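Let me begin by presenting the structure, written as structure tokens, before commenting on it.
Numbering (the numbering used here), first residue to last: 12 to 147.
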């Protein structure tokens, strides 16, 4: 089975530079997303910070870990998961490609599950009125 994972960088929350709501253009979709509301951003940034130890240990970036993680989830479940990260520059593209070299062990995955369990992100992925479209 193959699956595609979109928004693996959390709409930028897991990229090198955390987007700031006050700097986003009015037509940026993130200004309407609950995870980017000020009450939620602070909590989500703490989750992000908690992953830094793994990133350092793997000599990787948070972006690379965010791309490697869904691929490892697929291997664990016997599926092929293709992450779809954005890349605004060649530098970002090259960083993204290097994520394929990161090996996440069962211990690494267990640590990530402990630090950021499913549902840990603060705020829904989309506004409540749109959540029914996700089929989850």
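Heads up, the beta-carbon is just placed ideally off N, CA and C, and yes, glycines get one too. Bear in mind the structure is a predicted one, so any value in this text is a computation, not a measurement.
I'd like to confirm the pairing. Which residues does DSSP put opposite residue i in its beta bridges?
i          : result
residue 13 : 91
Name the residue from the options whose alpha carbon lies nearest to the alpha carbon of residue i.
i          : options           : result
residue 24 : 73, 69, 37        : 73
residue 60 : 104, 144, 127, 37 : 127
residue 63 : 27, 87, 36        : 27
Do residue i and residue j have their CB atoms nearer than 8 Å?
i           : j           : result
residue 96  : residue 82  : no
residue 139 : residue 107 : no
residue 104 : residue 110 : no
My understanding is that residue i touches residue j, with C-beta atoms under 8 Å, so please give their C-beta distance in whole angstroms.
i           : j           : result
residue 113 : residue 58  : Residue 113 to residue 58, Cβ: 19 Å. No contact.
residue 90  : residue 18  : That belief does not hold up - the Cβ atoms of residue 90 and residue 18 are roughly 18 Å apart, past 8 Å.
residue 22  : residue 41  : 5 Å
residue 134 : residue 45  : 4 Å
residue 92  : residue 16  : 5 Å
residue 55  : residue 121 : The Cβ separation is near 22 Å, so there is no contact.
Indicate, with yes or no, if the ligand HEM has a heavy atom lying under 7 Å from the CB of residue i.
i          : result
residue 26 : The ligand HEM is not part of the structure shown, which contains no ligands of any sort.
CA-CA distance, residue i and residue j?
i           : j           : result
residue 33  : residue 125 : 32 Å
residue 118 : residue 67  : 15 Å
residue 48  : residue 39  : 13 Å
residue 129 : residue 123 : 10 Å
residue 80  : residue 115 : 7 Å
residue 69  : residue 136 : 28 Å
residue 145 : residue 20  : 18 Å
residue 141 : residue 85  : 27 Å
residue 51  : residue 71  : 26 Å
residue 37  : residue 53  : 21 Å
residue 102 : residue 87  : 30 Å
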